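Q:
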Amino acid sequence: MNDLIIKSFTSYVELKKQAHLDLDTERDLEMGQLSCTDEVNLSNYFHKIKSVKADDIETITNLLIDLQNMNEETKITHCPKILRGLKDRMDFDMISVFRKAKIVKAKLEALDKSNVANCKLSVAYVEGTVVDRTRVNMTNRIEVGRGTRMKWKII
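Take any residue in the sequence shown, note its place counting from 1, add 848, and you have its number in the working numbering.
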């Protein structure tokens, strides 16, 4: 009985020592403990993410809102000329949304490829490290956000 208690206590102490060693050796993103190369790598990546979010996704969101408003206008109006004009505008906006969605999809695929290339770049960026997890999570979050914004299956 005493041997079991001693073994469990010693294994607990060893695990605790190992946890402290892991905390000392691994840098933590949330605590702001990144090396200079990690910060440069992530800042470049965040600029790419910001360009995708700010330019393209906002444009798609605005076009979809305009399409909803025009759809409501078509329900109210009865004049054929106005309906034809609204239909033409809606067609043009749908084509614009389709083109922008393709651009966003291509940019997100490029970000995925850069994530894979970044893993091969250095041992510090291998799969599962702080930088890799951050990059993958940000890309996935944008892809999920794009899917929820686009209620229609355009792509």
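All C-beta atoms, glycine included, are put in the ideal place defined by N, C-alpha and C.
Just so we're clear, the structure is a prediction, and the values are computed from it rather than from any experiment.
1) Sorted by chain position, which residues of the same chain lie with C-beta nearer than 8 Å to D980's C-beta, five sequence neighbours on each side aside?
2) What residues in its chain sit with their C-beta under 6 Å from that of I1003, if we drop five residues either side in the sequence?
3) Alpha carbon to alpha carbon, what distance is there between T909 and K955?
4) So is I1011 buried or exposed if we call it buried at 16+ other beta carbons inside 10 Å?
5) Thinking just about the alpha-carbon of each residue, which of I905, D904, V888 and D941 is nearest to the one in M918?
6) For L934, collect the residues of the same chain with a Cβ closer than 8 Å to its Cβ; drop the 5 residues on either side in sequence, then sort them by chain order.
7) So the candidates are D914, F946, I897 and L863; which of them puts its Cα closest to the Cα of R983?
8) CA-CA distance, N889 and V992?
9) By how many angstroms is the C-alpha of V900 removed from the C-alpha of S970?
10) May I ask which residues mark the beginning and end of the alpha helix (DSSP H) holding G933?
11) Quick check on the burial criterion: 16 or more other C-beta atoms within 10 angstroms. Buried or exposed for L959?
A: On the basis of the supplied data:
1) Numbered from its first residue, the sequence shown carries residue 980 at position 132. Hits under 8 Å: N963, N966, C967, Y973 and V974.
2) Residue mapping note: residue 1003 aligns to position 155 of the sequence shown, counting from 1. Unreliable placement is indicated for I1003, whose pLDDT of 41 sits below 50; the coordinate value is still reported in the next sentence. Cβ neighbours of I1003 beyond the five flanking positions: A949 and K953.
3) Position 107 of the sequence shown holds residue 955. Position 61 of the sequence shown holds residue 909. Their Cα atoms are separated by approximately 17 Å.
4) No answer is possible for residue 1011: it lies beyond the span of the chain, which begins at 849 and ends at 1003.
5) Here residue 918 is taken as the residue at index 70 of the sequence shown, counted from 1. Measuring from the Cα of M918, the nearest candidate turns out to be D941.
6) On the sequence shown, residue 934 is found 86 positions in, with the first residue counted as 1. Result list for L934: M918, E921, T922 and T925, in chain order.
7) For this step, residue 983 is matched to residue 135 along the sequence shown. It is I897.
8) Reading the sequence shown from its first residue, position 41 is the one you call residue 889. Reading the sequence shown from its first residue, position 144 is the one you call residue 992. Each residue's alpha carbon lies about 23 Å from the other.
9) Translated into positions along the sequence shown, residue 970 becomes position 122. Translated into positions along the sequence shown, residue 900 becomes position 52. Straight-line Cα distance between these residues: approximately 26 Å.
10) Counted from its first residue, the sequence shown places residue 933 at position 85. Segment P928 to L969, the alpha helix (DSSP H) holding G933.
11) Here residue 959 is taken as the residue at index 111 of the sequence shown, counted from 1. L959 should be labelled buried.
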